[in-house]
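Just so you know, the protein sequences line up as chains A and B, in that order.
If you're matching positions, the first sequence starts at 7 in this note's numbering and goes up one per residue.
If you're matching positions, the second sequence starts at 7 in this note's numbering and goes up one per residue.
Report on one structure; see the data block that follows.
2 protein chains.
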Amino acid sequence: MSPIIILVEPQLGENIGTAARAMANFGLEQLRVVNPREAFPNDKARAAASGADAVIDGAAVYPGVAEAIADLGFVYATTARVRDLAMDVSGPRRAAAHLRSLAGDAKATGVLFGRERTGLTNDELSLADAIITLPVDPRHSSLNVAQAVLVVAYEWRLAELAHEEKGLPFAGPDAADIAAKEDLIRLFEHLEASLDEAGFFRPPEKKPHMVQALRTMLHRAHLSEQEVRTLRGVIAALEARPTRPLPPHRVAARAKRPG
Amino acid sequence: MSPIIILVEPQLGENIGTAARAMANFGLEQLRVVNPREAFPNDKARAAASGADAVIDGAAVYPGVAEAIADLGFVYATTARVRDLAMDVSGPRRAAAHLRSLAGDAKATGVLFGRERTGLTNDELSLADAIITLPVDPRHSSLNVAQAVLVVAYEWRLAELAHEEKGLPFAGPDAADIAAKEDLIRLFEHLEASLDEAGFFRPPEKKPHMVQALRTMLHRAHLSEQEVRTLRGVIAALEARPTRPLPPHRVAARAKRPG
Numbered sequence: 007m008s009p010i011i012i013l014v015e016p017q018l019g020e021n022i023g024t025a026a027r028a029m030a031n032f033g034l035e036q037l038r039v040v041n042p043r044e045a046f047p048n049d050k051a052r053a054a055a056s057g058a059d060a061v062i063d064g065a066a067v068y069p070g071v072a073e074a075i076a077d078l079g080f081v082y083a084t085t086a087r088v089r090d091l092a093m094d095v096s097g098p099r100r101a102a103a104h105l106r107s108l109a110g111d112a113k114a115t116g117v118l119f120g121r122e123r124t125g126l127t128n129d130e131l132s133l134a135d136a137i138i139t140l141p142v143d144p145r146h147s148s149l150n151v152a153q154a155v156l157v158v159a160y161e162w163r164l165a166e167l168a169h170e171e172k173g174l175p176f177a178g179p180d181a182a183d184i185a186a187k188e189d190l191i192r193l194f195e196h197l198e199a200s201l202d203e204a205g206f207f208r209p210p211e212k213k214p215h216m217v218q219a220l221r222t223m224l225h226r227a228h229l230s231e232q233e234v235r236t237l238r239g240v241i242a243a244l245e246a247r248p249t250r251p252l253p254p255h256r257v258a259a260r261a262k263r264p265g
Numbered sequence: 007m008s009p010i011i012i013l014v015e016p017q018l019g020e021n022i023g024t025a026a027r028a029m030a031n032f033g034l035e036q037l038r039v040v041n042p043r044e045a046f047p048n049d050k051a052r053a054a055a056s057g058a059d060a061v062i063d064g065a066a067v068y069p070g071v072a073e074a075i076a077d078l079g080f081v082y083a084t085t086a087r088v089r090d091l092a093m094d095v096s097g098p099r100r101a102a103a104h105l106r107s108l109a110g111d112a113k114a115t116g117v118l119f120g121r122e123r124t125g126l127t128n129d130e131l132s133l134a135d136a137i138i139t140l141p142v143d144p145r146h147s148s149l150n151v152a153q154a155v156l157v158v159a160y161e162w163r164l165a166e167l168a169h170e171e172k173g174l175p176f177a178g179p180d181a182a183d184i185a186a187k188e189d190l191i192r193l194f195e196h197l198e199a200s201l202d203e204a205g206f207f208r209p210p211e212k213k214p215h216m217v218q219a220l221r222t223m224l225h226r227a228h229l230s231e232q233e234v235r236t237l238r239g240v241i242a243a244l245e246a247r248p249t250r251p252l253p254p255h256r257v258a259a260r261a262k263r264p265g
């Protein structure tokens, strides 16, 4: 029971295609087209749909808005302009939450999008239950129709998923991989011993603060076990004391280095 | 301090224009373009911008990602694909809230968007602090670049409108101190050169992946300028090549070390 997207008198096939692609990106499947200027479906729409052929092929064409919404229970109309109509006005986020709750009640819903230049007429708006408008910068309030469809589809998807993080196609580092503190502490001690030997902690009375600064810095990276091993390898490499046995010429060189 | 939108190697002027329009719709003004295929600005971009001329005319062109982000403190990269990189991943909503809080601390931020077909490379991703990915339907995960810009810009606008001053009695590290990317990139290059000399990158074919892993690890710590200086001092100390002049006995010792 996802909302049906209804494009009213779109002028360009490209815009229908781009809207279909935006729908498919966010899991909307049902498209209706009211009195398109070009015969529909057409190749321009299909090309712009960029793989969302199922949305184009499944789209239905209607002669007017009344016919296109006849079987629906609740309809939002999108508009960027203030109207002299006593209708409820929502942003796409609140509207999506509402559409989601209607879908839970098995109610068929739709969202109307107007013509590229002139939008929806007041007559068409008065066939809808409520208005969606977008939180645009008033200096640039004109959205491409496919962009408006995208924002509504995006909010629908988030409303459906309920939690943004669950709907992402992949996740960041797995918290389960975060190194145990004992590994981290051994890394700290390794680094600090090496820096001690290199004479890094000067003047000596500043050492406690310098050590704390290094530790908090490393902590903030939330290192994995593998990353802790990598960093210990980095320290060993830089101090020219690899964990593998030193080649003889390096042992000799180290023996000649002071402190 | 709105985030800067950075388009990496866009192929078509139309896409730059549509992205600029989407930015203007939601109050974003600063656009950077990395190595566009067509001369930029151009008429196609201006036509597609549909009134957002100020964004097009104010856009700056850069030869590479490193140059385009050099003066920024925190950079998100957008990608639709899972990557073998240990980077934080957010949806646009959480990212926008984070960008808004950084803006409150007067920190310059940016969001990278990749090429139309191939997106961003892993090398480019490893120059960023974290990833934004969109909660798309996995069957149709490919978004037009301007659509991706739109969603990020929309979430930015909502985050900005909803922002409330932080009411906590004290705060964590001051985001205003975050190192600029150019300092971070110099740190990376210093570390990688030292590790190269130390023979750390073995086998050589694994070097690109090892470099990316080190860069993402360091990025996750969100280092301050002072911390970048400290880490460069750490590297210099460990490689026994302090930034201060070497005492004579050390110069003598170094002269005897091979490699």
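Beta carbons are placed, not taken as given, at the ideal position from N, Cα and C, and that holds for glycine.
query                                                                                                                                                                        : result
If you follow the alpha helix (DSSP H) that A:Ile191 is in, where does it begin and where does it stop?                                                                      : Lys187 to Glu203
For the stretch 24-52 of chain B, enumerate the residues whose C-beta is nearer than 8 angstroms to any C-beta of chain A, in chain order.                                   : Thr24, Arg27, Ala28, Ala30, Asn31, Phe32 and Gly33
For A:Arg145, which of A:Leu244, A:Arg87, A:Lys50 and A:Tyr68 has the nearest alpha-carbon?                                                                                  : A:Arg87
Starting from A:Asp94 and walking both ways along the beta strand (DSSP E), at which residues does that stretch end?                                                         : Asp94 to Ser96
Counting only Cβ pairs nearer than 7 angstroms, list the residues of chain A close to B:His146.                                                                              : Ala30, Asn31, Gly57 and Ala58
Which residue marks the beginning of the alpha helix (DSSP H) containing A:Gly239, and which one marks its end?                                                              : Glu231 to Leu244
Quick check on B:Thr84: buried or exposed, where buried means 16 or more other Cβ atoms within 10 Å of its Cβ?                                                               : buried
So, does the stretch 98-110 of chain B touch the stretch 130-146 of chain A, judging by three or more C-beta pairs under 8 angstroms?                                        : no
What residue range is occupied by the uninterrupted alpha helix (DSSP H) comprising A:Ile11?                                                                                 : Looking at the DSSP string, A:Ile11 is not in any alpha helix (DSSP H); the run it does join, the beta strand (DSSP E), is Ile10 to Val14.
Mind reading off the beta-carbon distance from A:Gly33 to B:Asp94? Whole number of angstroms is fine, and I expect it under 8 angstroms.                                     : That belief does not hold up - the Cβ atoms of A:Gly33 and B:Asp94 are roughly 25 angstroms apart, past 8 angstroms.
Using a Cβ-Cβ distance cut-off of 9 angstroms, determine whether A:Phe80 contacts chain B.                                                                                   : no
Hey, how far is the Cα of A:Phe206 from the Cα of B:Glu203?                                                                                                                  : 21 angstroms
Our contact map puts B:Ala114 next to B:Leu78 with C-beta atoms below 8 angstroms; I'd like the distance itself, whole angstroms only.                                       : 5 angstroms
As a quick exercise: from A:Val14, A:His228, A:Leu18 and A:Val61, pick the residue whose alpha carbon is nearest that of A:Gly120.                                           : A:Val14
Closest Cβ-Cβ distance between A:Val240 and chain B: below 9 angstroms?                                                                                                      : yes
Considering B:Thr24, what are the terminal residues of the alpha helix (DSSP H) in which it resides?                                                                         : Gly19 to Asn31
Quick one: what's A:Phe80 bridged to in DSSP?                                                                                                                                : A:Thr115
Would you say B:Pro214 reaches chain A, if we count a Cβ-Cβ gap shorter than 9 angstroms as a contact?                                                                       : no
Is there a C-beta anywhere in chain A that falls below 9 angstroms from the one on B:Val142?                                                                                 : yes
Taking the alpha helix (DSSP H) that A:Ala136 falls in, what are its first and last residues?                                                                                : Counting along the chain, A:Ala136 falls outside any alpha helix (DSSP H), though it belongs to the beta strand (DSSP E) covering Ala136 to Ile138.
For chain A, is any of its Cβ atoms less than 9 angstroms away from the one on B:Val95?                                                                                      : yes
Note down, in chain order, each residue of its chain lying with its Cβ closer than 7 angstroms to the Cβ of A:His228, except the 5 sequence neighbours on either side.       : Ile184
Just list the alpha helix (DSSP H) runs in the stretch 38-84 of chain B, keeping only unbroken ones of 4 residues or longer that don't cross its boundaries, in chain order. : 49-55, 59-63 and 71-75
Measuring alpha carbon to alpha carbon, tell me which residue in A:Val155, A:Ala186 and A:Asp180 is nearest A:Ile22.                                                         : A:Val155
Excluding the 5 residues flanking A:Gly116 on each side, which residues of the same chain have their C-beta closer than 7 angstroms to its C-beta?                           : Pro9, Ile10, Ile12, Ile75, Leu78 and Val81
List the DSSP bridge partners of A:Gly178.                                                                                                                                   : None, per the DSSP bridge assignment.
Whose C-beta lies closer than 7 angstroms to the C-beta of A:Ser200 among residues of the same chain, with five residues either side of it excluded?                         : Ile241 and Glu245
Give me the Cβ distance between A:Asn31 and A:Ala152, rounded to the nearest whole Å; I'm assuming they're in contact under 8 angstroms.                                     : In fact, because the Cβ distance is near 11 angstroms, the residues do not count as touching under 8 angstroms.
Taking Cβ-Cβ distances shorter than 8 angstroms, what residues in chain A pair up with B:Arg218?                                                                             : In the sequence as displayed, the identity of residue 218 of chain B is Gln instead of Arg. Going along chain A, no residue has its Cβ under 8 angstroms from B:Gln218, so there is no contact; the nearest lies around 12 angstroms.
Residues of chain A with CB closer than 9 angstroms to the CB of B:Leu164, please, in chain order.                                                                           : Gly97, Arg99 and Pro141
Between A:Pro251 and the rest of its own chain, which residues show a CB-CB distance below 7 angstroms, the 5 nearest in sequence each way excluded?                         : At A:Pro251 the pLDDT is 47, less than 50, meaning the model places this residue with poor confidence; the figure from the coordinates comes in the next sentence. Answer for A:Pro251: no residue qualifies.
Under 8 angstroms Cβ-Cβ, which residues of chain A neighbour B:Leu156?                                                                                                       : Gln153, Leu156 and Val157
Using the Cβ count rule (16 or more neighbours within 10 Å means buried), how would you classify B:Pro47?                                                                    : buried
Would you please state the rounded distance, in angstroms, between the beta carbons of A:Val1 and A:Leu190? I believe it to be under 8 angstroms.                            : Summary: the structure shown does not reach residue 1 of chain A, with chain A confined to residues 7 through 265, and so no result is reported for it.
Please report whether the beta-carbon of A:Gly204 lies at a distance below 9 angstroms from any beta-carbon of chain B.                                                      : Looking at the sequence shown, residue 204 of chain A is not Gly but Ala. Cβ-Cβ to chain B under 9 angstroms: yes for A:Ala204.
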